[in-house]
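Chemist: Numbering (our numbering), first residue to last: 119 to 968. Pasting a structure here, questions to come.
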Amino acid sequence: MRRSEVDRSKLSPMMAQYMEIKDMYQDELLFYRLGDFYELFFEDGITASKELELTLTGRVGGLEERVPMCGVPYHSVKGYIEKLVNKGYRVAICEQLEDAKNVKGMVKRGVTDVISKGTIADLELLDSFSASYIASLLTYPDIYVLTILDISTGKLMSISLNKELQKLVNEILHYQIKEIVLKDNVETNLIDLLKTRYNIEVNINNNLYDNVSDSLFTKVSDARVKLGVKHLYYYLINIELKDLSGVQELQLINRNDYLQMDVHAIRNLELVETLRNKERQFSLIWLLDKCKTAMGSRKLKEWIINPIKNIKVLNSRYDKIEKLNEEFILKDELRDLLDQVYDIERLTGKITNGNLNGRDLLQLKKSLGTLPKIKEIIEKLGFDYQIDTFNDLFNLLESAISEDAPVGVKEGGMIKAGYNQNLDELKLIRAGGKDYVAGFEAKVKEETGIKNLKIGFNKVFGYYIEISKGQASEVKENFGWERRQTLANCERFISPELKEKESLILNAEEKIIDLEYELFIDIKDKVKAYILDVRKTADELSEIDVIASFSTITDDYNLVRPKLNNEHVLKIVGGRHPVVEAVSNEEYVDNDCVMDENTSTLLITGPNMSGKSTYMRQVAITIVMAQIGSFVPCKEANLPIIDKIFTRIGASDDLVAGQSTFMVEMMEANNAILNATKDSLIIFDELGRGTATYDGISLAQAILEYVSENIKCKTLFSTHYHEITSLDQKYRSIKNVHVDATMEDDKLVFLHKIKNGSVDKSYGIHVASLANMPDSLIKRAGEILEGYENNAAKTKTNNVQLALDLDPKPIKTEDIFADIDPLNLTPIEALNVLYNLKEKYSQNKKEIGK
Ligand code: ADP
Ligand code: MG
């Protein structure tokens, strides 16, 4: 049965109400609250039952057939919402807006929240290690303005970008933005790209929200930036019904302040997840994260993907680490305290968007309770963090919220005795109606002086004051009592006070629950006034947590404080790859990496499995660690401030995006060539491997020459093309190193030690034998190799000649690259590019032959 075909005149009142609300939320799955369940009807019900694997039932709704229905219990609704939203659905939550017991007929209902991919705010549903971003994208003739908000923490940022699609995509992937709001002037191919290739939810909306508080914009003057915020706000407030009062001041992000890495570099260096399993375990952050709070872990992640370039700030982080290393007792105390701090950034988010309960407030209180001591330690250490202790807020929560508050907020048991007199009285009444009556009786006796009055109860009159005939005359007019019943030997009265108490006694339970809820809402409002300040302190705590974590790993992983320079000097003595070292069973062999200001390229050769890739990564990781403010894994380091890291490392084929190895390889190389500066670090791991030998060599050599001579940035270049190792004779900026291996009893032994000069043996067959290939096969391979080597020996000199003289002026590959727009290439076009490159190569060869 389809919703659109229903004869609405026949519907039951409830179904009619449902229809009216659903009309306004056509694009969402409407969760309609019915008592203890959320129900989905018609097509929504069918969809939900399929996606959530729940039974599809039916409900009588006035029609001939039952209306298809699927329901979930209210207390477990979060998980279901999360599942649907992650599958790309939008969910609208329709609540009962009145208490059913106070209403005759239909309870009023309305949508209170709309949830989409980028706006899940419940901390229980979010990855505590990562921020969760929604963004607005505005396009102007010359720039993109990207406004990014984590609704769960209130962190708001704005980035203005030159109008280059690749840069835009990079930012979107960098922040793992889950949902983007666009105006309808955006090109459809961008929308398609975001939706289908990157699985980002895209919504179109052209409106602006006009009442954005100016306090967000104290550092902003650019109207386009403000418009971005207004655009995002409209969508969140008017379409998704969010409360944005917890959003923090807008932060302007300027990429030039940071060490820039594109998604490939972050992936290739395995900074936040491993290449193979895409898991946090065995990534750099997994190793470095000894944070005690979720906020610290998120801050660390933010730092790792956005290292900085400011030497002063970095040195001040090192100073703090050093201080904590010295004051280890204070450090331990500090970390113990941090351990008691909950995720208050996101807890406070539940006050504005989510289902806050008594337990959340208790967690907030416990967290706040640590602040005075943390502040004291921070002051002792002489650190410049601003920590507010929120004494008033703490006292409010301490006096109000009971230690065993339940999960629900509408069942009582949350408010402490002593917080509210009326509530205490009600509880007294509930605890013992009799005690209360006895107390009241004594009080009335005392007040009136009538000794033998009694309080009684019957079903007809309720509670009454009974006085014997003899004393009835002592009841004075001014008591305000009302005579109810006259019996043979006594009179029965009621007093206004007794009448009031009577209804209290009879409805105590219900009243307690209502009053507690009222008080809870009141407390929640009071806490809400503190959100922005609490979040500021939370941010400071997260940084303290990261720094304390850095101090902890200094000992754990044997790290040293690096020196930083602006002179292009790179000197690492006894460097290690911290993750490989921690995970591997073998003893890690440390290695130096020394490049003075005139050396731009290390050309690294060595057999497979000898440690080339590991060596190059360890240098990059050392740089990243230094530029987030951590100590580094070596004996001694003097490091240049790096502005960008580029990587081209094998085996990261973007298969999902349908790109071949070679294409990806050339795109990444091109990206580096176009964007690197003298201050950059490039890692090219066996460049040119993805194509035929001669193409590969020529490309590798041309690229190597180009970066060494034209860009002059620090470049680590590993290669299996031994032909190009003689380039060091031609270019002073290029230095050869190799990784050592020796043969012991006909077996290859890796020493993993980097040495000066080059090697010209690849030991490939020996590696194959290590992999336990059949002996006969290995032997045959040896024979074939010998044949080749004999041949090669005859032509060797020619070969080297060939490589060096291919083009006395380096091939003008940059011209070819400049014309490639990788994102818009079809596979056929990519093949054409390849074909052209090859043509060029053959041409060159012919010319040399002449
Ligand atoms: P290559 O790139 O030369 O083929 P890798 O860098 O992939 O070699 O290293 C191969 C393996 O050798 C790594 O997985 C690691 O376990 C080990 N290895 C590399 N470098 C070292 C080192 N310096 N000390 C100890 N083991 C190492
Ligand atoms: Mg390798």
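From the three backbone atoms N, C-alpha and C, an ideal C-beta is built for every residue, glycine too. As the structure is a prediction and not an experimental result, all values here were calculated from the model.
Alpha carbon to alpha carbon, what distance is there between A249 and L274?
Modeler: In the sequence shown, residue 274 corresponds to position 156, counting from 1. In the sequence shown, residue 249 corresponds to position 131, counting from 1. Cα-Cα distance, rounded: 11 Å.
Chemist: Which partner residues does N596 have in the DSSP bridge list?
Modeler: Numbered from its first residue, the sequence shown carries residue 596 at position 478. None, per the DSSP bridge assignment.
Chemist: Hey, is T314 close to the ligand ADP, as in C-beta under 7 Å from one of its heavy atoms?
Modeler: Residue numbering aside, residue 314 sits at position 196 when the sequence shown is read from its first letter. False, no ligand heavy atom lies under 7 Å from that Cβ.
Chemist: Quick one: residues in its chain with C-beta nearer than 7 Å to the C-beta of E319, no 5 flanking neighbours on either side, listed in chain order?
Modeler: As a working mapping, residue 319 is identified with position 201 in the sequence shown. Cβ within range, chain order: G206, S234, K235, G236, K296, E297.
Chemist: What would DSSP say about Q214, mapped onto helix, strand or coil?
Modeler: To locate residue 214, count along the sequence shown from 1; it is residue 96. Residue state, collapsed to three classes: strand.
Chemist: Starting from the Cα of E109, find the closest Cα among K427, S333, D632 and give me that residue.
Modeler: For residue 109 there is no data in the structure shown, the boundaries of the chain being 119 and 968.
Chemist: Which residue spans inside the segment 318 to 399 form an unbroken alpha helix (DSSP H) run of at least 4?
Modeler: Within the segment 318 to 399, the complete alpha helix (DSSP H) runs of at least 4 residues are 341 to 352, 381 to 386.
Chemist: Using the three-state DSSP reduction, which class does V857 fall into: helix, strand or coil?
Modeler: Taking the first residue of the sequence shown as position 1, residue 857 is located at position 739. V857: strand per DSSP, three-state reduction.
Chemist: At which residues does the alpha helix (DSSP H) containing H118 begin and terminate?
Modeler: The displayed coordinates of the chain run from 119 to 968. Any statement about residue 118 would go beyond what the structure contains.
Chemist: Output yes or no for whether 8 Å exceeds the beta carbon distance between S363 and T470.
Modeler: Locating residue 363 in the sequence shown gives position 245, counting from the first residue. Locating residue 470 in the sequence shown gives position 352, counting from the first residue. Result yes, Cβ atoms of S363 and T470 sit closer than 8 Å.
Chemist: Under the assumption that V664 contacts G414 (Cβ atoms under 8 Å), give the Cβ distance between them as a whole number of angstroms.
Modeler: As a position in the sequence shown, residue 664 is number 546, starting the count at 1. As a position in the sequence shown, residue 414 is number 296, starting the count at 1. About 5 Å; that satisfies the 8 Å criterion.
Chemist: Do you know how far the Cα of N374 is from the Cα of T717?
Modeler: Counted from its first residue, the sequence shown places residue 717 at position 599. Counted from its first residue, the sequence shown places residue 374 at position 256. Distance between the alpha carbons of T717 and N374 is about 25 Å.
Chemist: Hey, would you say the C-beta of K491 is under 7 Å away from at least one heavy atom of the ligand MG?
Modeler: In the sequence shown, residue 491 corresponds to position 373, counting from 1. No.
Chemist: Counting along the chain, where does the beta strand (DSSP E) carrying L300 start and finish?
Modeler: Working through the sequence shown from its first residue, we reach residue 300 at position 182. Note, L300: beta strand (DSSP E), 297 to 300.
Chemist: In the structure shown, what three-state DSSP assignment does P186 receive?
Modeler: Taking the sequence shown and counting its residues from 1, the one referred to as residue 186 is at position 68. DSSP places P186 in strand when its eight states are reduced to three.
Chemist: Quick one, what's near the ligand MG if you take every residue whose CB is closer than 6 Å to any heavy atom, in chain order?
Modeler: Those residues, listed in chain order, are K730, S731, D803.
Chemist: Rounded to whole angstroms, how far is the Cβ of L544 from the Cβ of A626, which I believe are closer than 8 Å?
Modeler: Along the sequence shown, read from residue 1 onward, the residue named residue 544 stands at position 426. Along the sequence shown, read from residue 1 onward, the residue named residue 626 stands at position 508. The pair is a contact, with the Cβ atoms about 5 Å apart (cut-off 8 Å).
Chemist: Looking at the secondary structure, which residues open and close the beta strand (DSSP E) in which S836 lies?
Modeler: Your numbering for residue 836 matches position 718 in the sequence shown. 832 to 836 is the extent of the beta strand (DSSP E) around S836.
Chemist: Verify whether the separation of the beta carbon atoms of V195 and F149 is less than 8 Å.
Modeler: Position 77 of the sequence shown, counting from 1, holds the residue named residue 195. Position 31 of the sequence shown, counting from 1, holds the residue named residue 149. In contact: V195 and F149 (Cβ atoms closer than 8 Å).
Chemist: Using CA coordinates, which residue listed in Y733, Y156, A948, I662 is at the minimum distance from K438?
Modeler: Here residue 438 is taken as the residue at index 320 of the sequence shown, counted from 1. Checked all of Y733, Y156, A948, I662; the closest Cα to K438 is I662.
Chemist: Measuring only from the beta carbon, is H870 closer than 7 Å to any heavy atom that is part of the ligand ADP?
Modeler: By one-based count along the sequence shown, residue 870 stands at place 752. The answer is yes for H870.
Chemist: Looking only at its chain, what residues have a beta carbon closer than 6 Å to the beta carbon of Y353, apart from the 5 residues adjacent to it on each side?
Modeler: Residue mapping note: residue 353 aligns to position 235 of the sequence shown, counting from 1. These residues qualify, in order along the chain: V299, N323.
Chemist: Name the one or two DSSP bridge partners that Y251 has.
Modeler: In the sequence shown, the residue the question calls residue 251 occupies position 133. Partner(s): D268.
Chemist: Closest by CA to M187, which one among R385, E161, V555, K958?
Modeler: Taking the sequence shown and counting its residues from 1, the one referred to as residue 187 is at position 69. Comparing Cα positions, the closest option is E161.
Chemist: Does the beta carbon of G724 fall short of 7 Å from some heavy atom of the ligand ADP?
Modeler: Position 606 of the sequence shown, counting from 1, holds the residue named residue 724. At least one heavy atom of the ligand ADP is nearer than 7 Å to the Cβ of G724, so yes.
Chemist: Quick check: L474 and K642, are their CB atoms within less than 8 Å of each other?
Modeler: Start at 1 with the first residue of the sequence shown, and residue 474 comes out as number 356. Start at 1 with the first residue of the sequence shown, and residue 642 comes out as number 524. In this structure, K642 lies closer than 8 Å to L474 by Cβ.
Chemist: Inspect the CB distances between the segment 825 to 841 and the segment 861 to 868 and report whether three or more fall short of 8 Å.
Modeler: Cβ pair count under 8 Å is below three, so no.
Chemist: Taking only heavy atoms of the ligand ADP into account, decide whether any of them is closer than 7 Å to the Cβ of S876.
Modeler: Translated into the one-based positions of the sequence shown, residue 876 becomes position 758. No, the Cβ of S876 stays beyond 7 Å of every heavy atom of the ligand ADP.
Chemist: Indicate whether K644 and L514 have their beta-carbon atoms separated by less than 8 Å.
Modeler: Counted from its first residue, the sequence shown places residue 644 at position 526. Counted from its first residue, the sequence shown places residue 514 at position 396. Cβ atoms of K644 and L514: closer than 8 Å.
Chemist: So, is E463 buried or exposed, given that buried needs 16 or more other C-beta atoms within 10 angstroms?
Modeler: As a working note, residue 463 is residue 345 in the sequence shown. When all chains shown are included, E463 counts as buried.
Chemist: Among the candidates Q736, D141, L326, whose CA atom is the shortest distance from the CA of G693?
Modeler: Counting from 1 along the sequence shown, the entry for residue 693 is found at position 575. The shortest C-alpha separation from G693 is found at Q736.
Chemist: Give the straight-line distance between the Cα atoms of K484 and K417, rounded to the nearest whole angstrom.
Modeler: Sequence index remark: in the sequence shown, residue 484 carries index 366 (1-based). Sequence index remark: in the sequence shown, residue 417 carries index 299 (1-based). Rounded to whole angstroms, K484 to K417 spans 21 Å at the Cα level.
Chemist: Within 7 Å: the Cβ of Y839 and any heavy atom of the ligand ADP?
Modeler: Walking along the sequence shown from the start, residue 839 turns up at place 721. Flag unset: Cβ of Y839 not near the ligand ADP.
Chemist: Alpha carbon to alpha carbon, how far is N828 from V687?
Modeler: In the sequence shown, residue 828 corresponds to position 710, counting from 1. In the sequence shown, residue 687 corresponds to position 569, counting from 1. Computed Cα separation, rounded: 18 Å.
Chemist: Just the C-alpha distance for G551 and G531, rounded to the nearest angstrom, thanks.
Modeler: Position 433 of the sequence shown, counted from the start, is the residue given in the question as residue 551. Position 413 of the sequence shown, counted from the start, is the residue given in the question as residue 531. Between G551 and G531, the C-alpha separation is close to 19 Å.
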